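Working notes for the structure below.
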Amino acid sequence: MAANRLLQHYVDNARRLPWRSMPGEAPPDPYRVWLSEVMLQQTTVAAVTPRFRRFVKRWPTVEALAAARDEDVLSEWAGLGYYARARNLIACAREVAERGRFPECEDELRKLPGIGAYTAAAIAAIAFGHRALVMDTNVDRVVARLHGIDAPVAESRPMLRAMLDAMTPREHAGDFAQAMMDLGATICRPKTPDCGACPLQSDCVAFASGEPERFPAPKRKAIRPVRHGIAHWIEHNGCVWLVRRPAKGMLGGMAALPGPEWGDEPRPAGPVIGGVTHVFTHFRLELAVVAATRAEGEGWWQSLDRIDTAGLPTLYRRAAASVLASRSALAA
Ligand code: SF4
45 MAANRLLQHY
55 VDNARRLPWR
65 SMPGEAPPDP
75 YRVWLSEVML
85 QQTTVAAVTP
95 RFRRFVKRWP
105 TVEALAAARD
115 EDVLSEWAGL
125 GYYARARNLI
135 ACAREVAERG
145 RFPECEDELR
155 KLPGIGAYTA
165 AAIAAIAFGH
175 RALVMDTNVD
185 RVVARLHGID
195 APVAESRPML
205 RAMLDAMTPR
215 EHAGDFAQAM
225 MDLGATICRP
235 KTPDCGACPL
245 QSDCVAFASG
255 EPERFPAPKR
265 KAIRPVRHGI
275 AHWIEHNGCV
285 WLVRRPAKGM
295 LGGMAALPGP
305 EWGDEPRPAG
315 PVIGGVTHVF
325 THFRLELAVV
335 AATRAEGEGW
345 WQSLDRIDTA
355 GLPTLYRRAA
365 ASVLASRSAL
375 AA
C-alpha cells in the first residue's frame, strides 16, 4: 500500500527538526507544533529553525508565552512575517493558558485566534494523532501528481482533498502528514521532482506520463477586463493642450491629454491619429488619440519640444509618442 511505503520511507528519512518528534517517539508538545506552523507560514524551514530555538528558549511553554509582554514577543518576531500573526500568537497563547491546554480536535482548534484550517489539521494530526487532512501547497502538488490531475490546484481542491482522504491511514496520522509534507518539500519538488528517490513512484500517474513536472498546471492568469478611452490631441503653434486629471481616481492629479471618462465600450470619435494599449493592475486600457481643434477645460499649452518635462504619466507619454511617431512616419 502506498501509505505504508510512504511511512516506511519517513521512518528511514525523516528530517530532524526542533519542533518534531521522530517516528516511534512520544508525540511532540502541541505548543511547539503550533508555534512552528505559525512561523513556517511565511518563512522557510532553514530560516525558522534558529528562530524557533531562540523563541522556545525564551518562552518554553504556552503559559510562559501567555505571560510575556506584548512588545517583547513582537520584537522577537521581527523578520518572521506579518506582525498580525504575532499578535494572534499572543492572543492564542493567552486563551490556551486560560483553558489550561490546547484543545485536541480541529473544530475547537479553529476557534482559537489565528488558527485556520491548515494549522488546526496539522496540530490535531501531529500533536494529538487525530486523523486529519493536512493540505499545504506541497501536499496538494503530490496528490495532484499521484492521480495525474492537471487542472490548477485552485480548481481541483475538493477532489484533491477527497483523494488525500482516501489514502490517509487510520493509524500514524501525524507521521503520515509529516511524510507527505516532507515528500513535497524535498522529493516531489515543483520544477524538478526526484522521482527516482520517491517511494510512491509505482503509483504515480504523473511519473508514468514521463513529464511529472507538468502536473498540476500553474494557476490561470486572471483575464483583465478591457476599458476604452479617448484622448484629444489639440495642437497649436508647436504646442499641445494638456490638462490635469481629477485628484481622485486613476492617475489622480497627474498631467494628461484631455478627453472623456474611460468606459467599457469603444466610442466613435474623430480621426484617430495615434493610440496605445496600456495594462493597469485591474484592467487593460485601449486609448485612442483623436485630433480635435478647441482647447477644453482648464489646462496649459505644452511645447512639443519639451513634452518630456510635462510630468505626463507613462500612459499619456506613450500616447503622445504614438502621435509624433505616426507623424514622422508620414513625413518620411
Ligand atoms: Fe512526485 Fe515523482 Fe513521486 Fe510522482 S513519482 S509523487 S511526481 S516525486
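My numbering puts the first residue of the sequence shown at 45, with every later residue one more than the last. Glycine is no exception: its CB is placed at the ideal position from the N, C-alpha and C atoms. All values reported here derive from a predicted model rather than from experimental measurement.
Provide the residue span of the alpha helix (DSSP H) that contains residue i, from first to last.
i    : result
E340 : No alpha helix (DSSP H) holds E340; DSSP gives it neither H nor E.
C136 : 127–143
T353 : Premise fails: T353 is in no alpha helix (DSSP H) and is neither H nor E.
L286 : Not the alpha helix (DSSP H): L286 falls in the beta strand (DSSP E), residues 283–288.
H191 : 181–191
W121 : 114–121
G218 : 217–226
V150 : Looking at the sequence shown, residue 150 is not Val but Glu. Start and end: 150–154.
A108 : 106–110
P202 : 197–211
For residue i, tell me which candidate among the options has the shortest Cα-Cα distance.
i    : options                : result
E69  : V82, T87, W78, F172    : F172
G341 : K235, A198, P302       : P302
A266 : V323, A252, A217, F259 : V323
Q85  : M179, D116, A135, R175 : M179
L331 : W344, A339, W277, W345 : W277
R361 : T337, G343, G318, N281 : G318
A275 : G282, R264, R289       : R289
C149 : C239, L177, V249       : L177
A141 : Y126, W103, G125, E115 : W103
V77  : W63, G273, Y126, T87   : W63
D226 : V186, A252, L208, D194 : V186
F327 : I167, D151, S372, H272 : H272
R350 : A252, L368, A291, P304 : L368
T230 : G160, V197, V89, I167  : V89
D308 : N48, K292, R97, L329   : L329
D114 : I134, T353, V100       : I134
A110 : R97, V92, L124, L79    : L79
A46  : S65, A363, Q245        : Q245
G125 : V284, G355, V92        : V92
How would you label residue i, buried or exposed, when you count the other beta carbons within 10 angstroms and need 16 or more for buried?
i    : result
Y75  : buried
P202 : exposed
P147 : buried
P72  : buried
Q52  : exposed
P243 : buried
D238 : exposed
W344 : exposed
H216 : buried
E81  : buried
A221 : buried
A210 : exposed
T325 : exposed
A137 : buried
V270 : exposed
D184 : buried
If we call anything under 7 Å between Cβ atoms a contact, is residue i one with residue j?
i    : j    : result
N182 : P157 : no
V117 : A128 : no
R189 : F259 : yes
R214 : R175 : yes
S366 : V316 : no
G218 : I170 : yes
K235 : E255 : no
L286 : Q346 : yes
A300 : G314 : no
G192 : V249 : yes
L61  : A223 : no
A261 : P304 : no
L359 : G282 : no
Under the three-state reduction of DSSP, which class applies to residue i: helix, strand or coil?
i    : result
Q346 : strand
G254 : coil
R175 : coil
E309 : coil
F90  : Reading off the sequence, residue 90 comes out as Ala, not Phe. Helix, per DSSP.
A299 : strand
E330 : strand
G319 : strand
I278 : strand
R271 : strand
F96  : helix
A261 : coil
P74  : helix
D247 : helix
G240 : helix
I159 : coil
L124 : coil
G364 : For clarity, residue 364 is Ala in the given sequence; the question names Gly instead. Residue state, collapsed to three classes: helix.
K101 : helix
R233 : coil
Please report the residue range of the beta strand (DSSP E) in which residue i lies.
i   : result
R60 : From DSSP, R60 is part of no beta strand (DSSP E); its letter is neither H nor E.
A70 : Counting along the chain, A70 falls outside any beta strand (DSSP E), and DSSP gives it neither H nor E.
Comparing the C-beta of residue i with each C-beta of chain B, is any distance below 7 Å?
i    : result
P234 : Looking at the structure shown, chain B is missing, and only one protein chain is on hand.
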